[in-house]
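What follows is a short report on a single structure.
Residue numbers (this note's numbering): 1 to 333.
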């Protein structure tokens with residue numbers, strides 16, 4: 001099995017989380033930032049026991065086929081949701097395909113699928129190494145956007161963006177949208193050094209980054225939240241860090257790269273699980289999973305609530321079922 005470092009694991013997972021933030025729709029507030037932060041920490045509490053299992057040299061395979069099947073279903077559903085998010089936000093971000101409708105959507109999907117297959121063909125280790133570079137560049141660009149957005153922001157927007165959901169609902173939303181937990185549980189098994197520390201580092205960083213990015217979006221778009229479909233994208237577009245260049249092109253690059261890596265991570269995790277569950281399938285596993293994910297994305301359409309409950313159920317089960325399986329096995333012994 002290819003092994004990756006704690007830093008590489010964190011880079012892979014954080015790219016996915018930041019991409020989801022880019023695709024956030026509807027109104028956001030300071031309470032949303034708190035909800036995403038708390039949701040990330042709740043996920044950490046769920047994953048820590050699984051990290052302890054991995055530390056003992058166990059894998060999902062040791063936890064039974066059912067555990068692997070649940071994780072596979074979870075990655076497939078989350079991959080479909082990522083495609084759905086990409087298509088929705090792509091209508092605003094992907095300028096070259098503006099006005100092309102379904103044709104543009106198919107072109108975007110096809111290009112991303114080809115790139116994902118190419119990246120995944122080199123293995124998870126190669127994917128993780130390249131993700132470090134992508135994450136570093138994205139972090140620099142994101143920092144530029146955040147700093148410039150804060151400079152041009154209005155502190156009054158924090159009050160203008162009224163919270164109508166309450167903390168509990170925002171925590172539920174943050175938990176559900178804080179990345180694909182099923183893929184995380186699979187990738188965590190590839191970490192070679194101090195798995196529990198890798199989990200803690202990742203989820204804490206996710207909580208901090210999510211809170212900062214969402215709060216920045218509120219500072220910039222709080223006054224126009226009612227007419228803003230994608231608040232984080234709008235916040236980036238309203239920021240102009242350079243006097244001779246708009247932020248749109250910079251943000252477009254980050255958005256595209258993060259979209260590719262987010263889907264590639266889920267496809268790679270699913271490809272590994274298919275290999276464990278159905279070893280007779282030796283070729284085109286990644287292509288098969290990408291086709292399934294794209295199909296699920298088409299079924300979900302722009303309505304994330306169609307697939308999000310399934311993703312949450314599979315994600316939580318992916319972390320809990322292995323623990324229950326091993327506890328049962330230990331009791332019998």
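For every residue, glycine included, the Cβ atom is placed at its ideal position computed from N, Cα and C.
Which of helix, strand or coil does DSSP assign to residue 114? Here the question's residue 114 lines up with position 114 in the chain shown. In the structure shown, residue 114 sits in a helix (DSSP, three-state: H, G or I).
What does residue 4 pair with, by DSSP beta-bridge criteria? In the chain shown, the residue the question calls residue 4 occupies position 4. DSSP lists 191 as partners of residue 4.
Checking 8 Å against the spacing of the C-beta atoms, do residue 28 and residue 217 come in under that value? The sequence position of residue 28 within the chain shown is 28, counting from 1. The sequence position of residue 217 within the chain shown is 217, counting from 1. It is a contact, given that the beta carbons lie within the stated cut-off.
When 176, 110, 31, 155 are compared against residue 316, the one with the closest alpha-carbon: Position 316 of the chain shown, counting from 1, holds the residue named residue 316. Taking only the C-alpha atoms, the option nearest residue 316 is 176.
Just verifying my parser: in three-state terms, what is the DSSP assignment at residue 230? Taking the first residue of the chain shown as position 1, residue 230 is located at position 230. Note: residue 230 maps to coil in three-state DSSP.
Looking only at C-alpha atoms, which of 290, 233, 272 sits nearest to residue 256? Working through the chain shown from its first residue, we reach residue 256 at position 256. For the residues 290, 233, 272, the minimum Cα distance to residue 256 belongs to 233.
What are the start and end residues of the alpha helix (DSSP H) that includes residue 130? Counted from its first residue, the chain shown places residue 130 at position 130. Per DSSP, residue 130 belongs to the alpha helix (DSSP H) from 124–151.
Along the chain, where does the alpha helix (DSSP H) that runs through residue 279 open and close? Taking the first residue of the chain shown as position 1, residue 279 is located at position 279. Residue 279 -> no alpha helix (DSSP H), and no H or E assigned at all.
Do the CB positions of residue 259 and residue 19 come within less than 8 Å of each other? Here residue 259 refers to the residue found at position 259 of the chain shown. Here residue 19 refers to the residue found at position 19 of the chain shown. Taking 8 Å as the Cβ cut-off, residue 259 and residue 19 qualify as a contacting pair.
Say whether chain B places a C-beta atom closer than 8 Å to the C-beta of residue 45. Absence of chain B from the displayed structure is noted, only one protein chain being present.
For the segment 111–118 against the segment 188–206, do three or more pairs of beta-carbon atoms, one drawn from each stretch, fall closer than 8 Å, so that the two count as touching? The segment 111–118 vs the segment 188–206: no contact.
Closest by CA to residue 263, which one among 44, 56, 87? The residue labelled residue 263 in the question sits at position 263 within the chain shown. The alpha carbon of residue 263 has as its nearest neighbour, out of 44, 56, 87, the alpha carbon of 87.
With 16 other Cβ atoms within 10 Å as the buried cut-off, status of residue 118: On the chain shown, residue 118 is found 118 positions in, with the first residue counted as 1. Label assigned to residue 118: exposed.
Please go through the same chain and pick out, in chain order, the residues whose beta-carbon is closer than 7 Å to the beta-carbon of residue 69, but skip the five residues on each side of it. Residue mapping note: residue 69 aligns to position 69 of the chain shown, counting from 1. Taken in chain order, the residues that qualify are 277.
Bounding residues of the alpha helix (DSSP H) (the contiguous stretch that carries residue 222): One-based indexing of the chain shown puts residue 222 at position 222. Looking at the DSSP string, residue 222 is not in any alpha helix (DSSP H), and its letter there is neither H nor E.
Starting from the Cα of residue 342, find the closest Cα among 22, 150, 53 and give me that residue. There is no way to answer for residue 342, as the model of the chain reaches only from 1 to 333.
Within 8 Å, strictly: CB atoms of residue 180 and residue 40: On the chain shown, position 180 is the one that residue 180 refers to. On the chain shown, position 40 is the one that residue 40 refers to. Going by C-beta atoms, residue 180 is not nearer than 8 Å to residue 40.
Do residue 307 and residue 80 come within 8 Å of each other at the CB atom, strictly closer than that value? As a working note, residue 80 is residue 80 in the chain shown. As a working note, residue 307 is residue 307 in the chain shown. Against a cut-off of 8 Å, the Cβ pair of residue 307 and residue 80 comes out as a contact.
Any idea what DSSP makes of residue 58, helix, strand or coil? In the chain shown, residue 58 corresponds to position 58, counting from 1. DSSP places residue 58 in coil when its eight states are reduced to three.
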